[in-house]
Structure formats: C-alpha cells, structure tokens
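Student:
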Amino acid sequence: MVVNEMEVILIVIPAFIIFGLGYIGQKTIGFDHRSLASASLYLMYPFLAFQTFYENDVTLEYLYIVVFCVALMVILIGGSMLLAKLRNQPRSMSSAYILAGVFMNSGNYGVPIILFAFGEAGVDYAIIMMVVQSLLMNTVGLYYAARGSKTTTLSMKDSLVKIAKMPINHAVVIGLLVQFLDVRMPDFIMQAVDLIAAATIPTIMIALGMQLATLKKGHVKNSDLAGIFTLRFVVSPLVALVLTLVLGLDPMLSSILIVLAAMPTAANTTMYALQFNTEPELVSYSTLVTTVVSIGTVPLMLWLVGAVA
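Note that our numbering has the sequence shown beginning at 7, numbered continuously upward.
1. For tyrosine 48 and isoleucine 174, what's the separation of their Cα atoms in angstroms?
2. Using three-state DSSP, classify threonine 271 as helix, strand or coil.
3. Going by C-alpha to C-alpha distance, which of Gly181, Met269, Ala43 and Tyr70 sits closest to alanine 300?
4. Does isoleucine 180 come within less than 7 Å of chain C when only Cβ atoms are used?
5. Kindly indicate which residue of Ile83, Ser261 and Asp188 has the alpha-carbon position closest to the one of asparagine 62.
6. By Cβ distance below 8 Å, which residues in the same chain neighbour arginine 97 in space, the five residues on each side in sequence not counted?
7. Hey, leucine 89 and glycine 215: beta-carbon distance below 7 Å or not?
8. Isoleucine 24 and proline 243 - do their beta-carbons sit closer together than 7 Å?
9. Could you compute how far the alpha carbon of isoleucine 120 sits from the alpha carbon of leucine 105?
10. For a quick check, are the C-beta atoms of threonine 250 and leucine 263 less than 7 Å apart?
11. Thinking C-alpha only, which one of Leu310, Phe56, Ser290 and Leu308 is nearest glycine 107?
12. Hey, alanine 219 and lysine 33: beta-carbon distance below 7 Å or not?
13. If you count every other CB in all the chains shown that lies within 10 Å of the CB of threonine 65, and 16 or more means buried, which is it?
14. Measuring CB to CB, does alanine 43 end up less than 7 Å from leucine 280?
15. Applying the criterion that 16 or more other CB atoms from any shown protein chain within 10 Å of the CB defines a buried residue, is glutamine 139 buried or exposed?
16. Out of Ser261, Val298 and Met99, state which residue places its alpha-carbon closest to the alpha-carbon of alanine 127.
17. So threonine 275 packs on phenylalanine 109, CB below 8 Å; how close in whole Å?
18. Secondary structure at methionine 110, three-state DSSP: helix, strand or coil?
19. Whole angstroms is fine: what's the gap from valine 314's alpha carbon to cysteine 75's?
20. Is lysine 168 helix, strand or coil by DSSP?
21. Between tyrosine 131 and the rest of its own chain, which residues show a CB-CB distance below 6 Å, the 5 nearest in sequence each way excluded?
22. Thinking just about the alpha-carbon of each residue, which of Ile212, His176 and Ser112 is nearest to the one in glycine 28?
23. Could you pull the start and end residues of the alpha helix (DSSP H) that glycine 312 belongs to?
24. Since serine 112 and tyrosine 150 are thought to touch, with beta carbons under 8 Å apart, how far apart are those beta carbons, to the nearest angstrom?
25. From the DSSP output, in three-state form, read off serine 155 for me.
26. With alanine 205 and methionine 50 assumed to form a contact (beta carbons below 8 Å), what rounded beta-carbon distance in angstroms separates them?
27. Going straight from the alpha carbon of threonine 58 to that of methionine 196, what length do you get?
28. Please report the distance separating the alpha-carbon of leucine 69 from that of glycine 85.
29. What do you reckon, are the CB atoms on valine 184 and tyrosine 278 nearer than 7 Å?
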C-alpha cells in the first residue's frame, strides 16, 4: 500500500510544529541552546537508547539489515570524504558532511512513514533498522563529530576514549545485556525510563529549532547544502537499491530499506555537532532543509518503490 502526498504531509507537520516552538522561543526569549543539547545527549538520550534495545527482540532479520546499514554507511562516508576532498574542505567540514549526509532520520520520522505506508508488518523491519542505525550513529557518528571538532583537536585515540565515555553507548550495552539475559525490569523503573524516553525526541527537535534561530544569513553555503542533498536524496537511495539487489531481499523489506535510506538528515546529528562544535550551523540547517524538502521526496520515493514492487 502506498500513500498519497497529502497524507504524508500530515505525518510530517507535527515535526515542524516542534521545530517552530524552539525557533520562536529562541527568537522571543533566548535560551542557552548548547546546554539543552548537552542535557539531551547526556541525560535523556541514554534512556531512549536503553528502551529501544531492551524492548526490541534480536532476530535473524538483524543480519541482513546490519549488513545493509553498515555497507550503506561505509559507502556514504567514502562519498562524503571524497566530496570534501574535491572541494578542499577542512576536517571539520568533512565530518559535517558525514553527519548530515550519511545518517538518516529512520526513527522518529521513518518509522511512522513506514507504518502508514506498509502497515504493522513493515514497522517490524523499520524498528530493526532504527535500532541498528542508532548504534552506528552513537559510535561512528560520535567519532566523526569528535574528530571534526573546531574547539579541540582530538587524536583518534582521544576520540575513541570520548566515545567510550558516552552514556548513550553504556545504555545500549545494558539494554542488550538485560534482553539477552531475559531480565525483567521492575515496572517503576520502566515507567521512569518510558517518560524520559518519550520526552527525548521532542527535546532534541526543540534544541534544533533553537539552533536554527541563531543562524545568520550567509553562514551556510548553497554548494555545501547541494552536496548533502545529493548524498541524502540521490546517492543514498541508489546505493540502497543496489545493496538490496545484491543481498537478494524480499520485495517488502527492499522497499522499506530504500525508503528509509532516502529519509532526511537525522535530528540527533545536530546534538553531536553542537556538543563538539563540528560545523553545527551546516548540520542543523541541513536537517531542517532536508526535512522540508522531504515533503516532496518521501511521497516520490514511496511511489517509486510501489511502482517497482
């Protein structure tokens, strides 16, 4: 089942309302948006990561999706680094290209789109990809964010140490261990986890809206946006198509992975860019603009995979 464009737009509108809340609040009142981003990253997001890995069973479908996600990420990182090299960009810009061009919003944006377009059967696949993408973003994404920091020059060892100390990754490991050991968490603990997890994504989006409100005209070049657009909306779905053919996946799973690969830039990358000062204006602006453009690209991609299927 493929949805029409108006129905998809209605799914996207709530995200814009939350972005707008942060934008208006920053413009009218003014906040320390870096502190809010840090609180989201260190205090709130670990609870969402734990909830995700604790509640979603590990199945054989992980194998295909893990291979797909890792291969797609490696190819897109190569494309991002090549783009930065061709444009003679510094390391901070190379990392920003990777954050904005490689990691897609397969969770709070992609999952509801898949639910509406493919039903409950499709959501199971989407959640698995969301979990895998979350792990990749919380490790590889964090590494490149730390590596491209404009505030502090970090060696590979220092970057890896910083990643190892991130509470998000600890939460992922604990969530997986608790699931594998079949430990049932007490209800009073999960109630707290669920409340914080539910507030995490909106908080991240509000922080993004605040960051966008601080942008000044001319700080983000159209040529940089064009490169990220190409990676997100052209290269990523084409590579996804090739990978699904190589892996020989069934039509529904292939369609879902291709659609998710064409999602806009992940909102979480803005947190990393803010935290490590890795071209935060470019990363956050890319998130907003790719999300706006996705109002047209998502229905198009759904129509294309529907036509192929």
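Even for Gly, the Cβ is constructed at its ideal location relative to N, Cα and C.
Tutor: Let's see:
1. 7 Å
2. strand
3. The question names alanine, but residue 300 in the sequence shown is serine. Of Gly181, Met269, Ala43 and Tyr70, the residue nearest in Cα terms is Met269.
4. The chain labelled as chain C is not found in the depicted structure, where only one protein chain is given.
5. Asp188
6. Arg153 and Gly154
7. no
8. no
9. 23 Å
10. yes
11. Ser290
12. yes
13. exposed
14. yes
15. buried
16. Ser261
17. 5 Å
18. strand
19. Confidence at valine 314 is low in this model, with a pLDDT of 47, below 50, so the placement of that residue should be treated as unreliable; the coordinate-derived value is given next. One C-alpha to the other measures close to 22 Å.
20. helix
21. Leu259 and Ile262
22. Ile212
23. 286-314
24. Between tyrosine 150 and serine 112 the Cβ distance is about 18 Å, and since that is not below 8 Å, they are no contact.
25. coil
26. 7 Å
27. 12 Å
28. 24 Å
29. no
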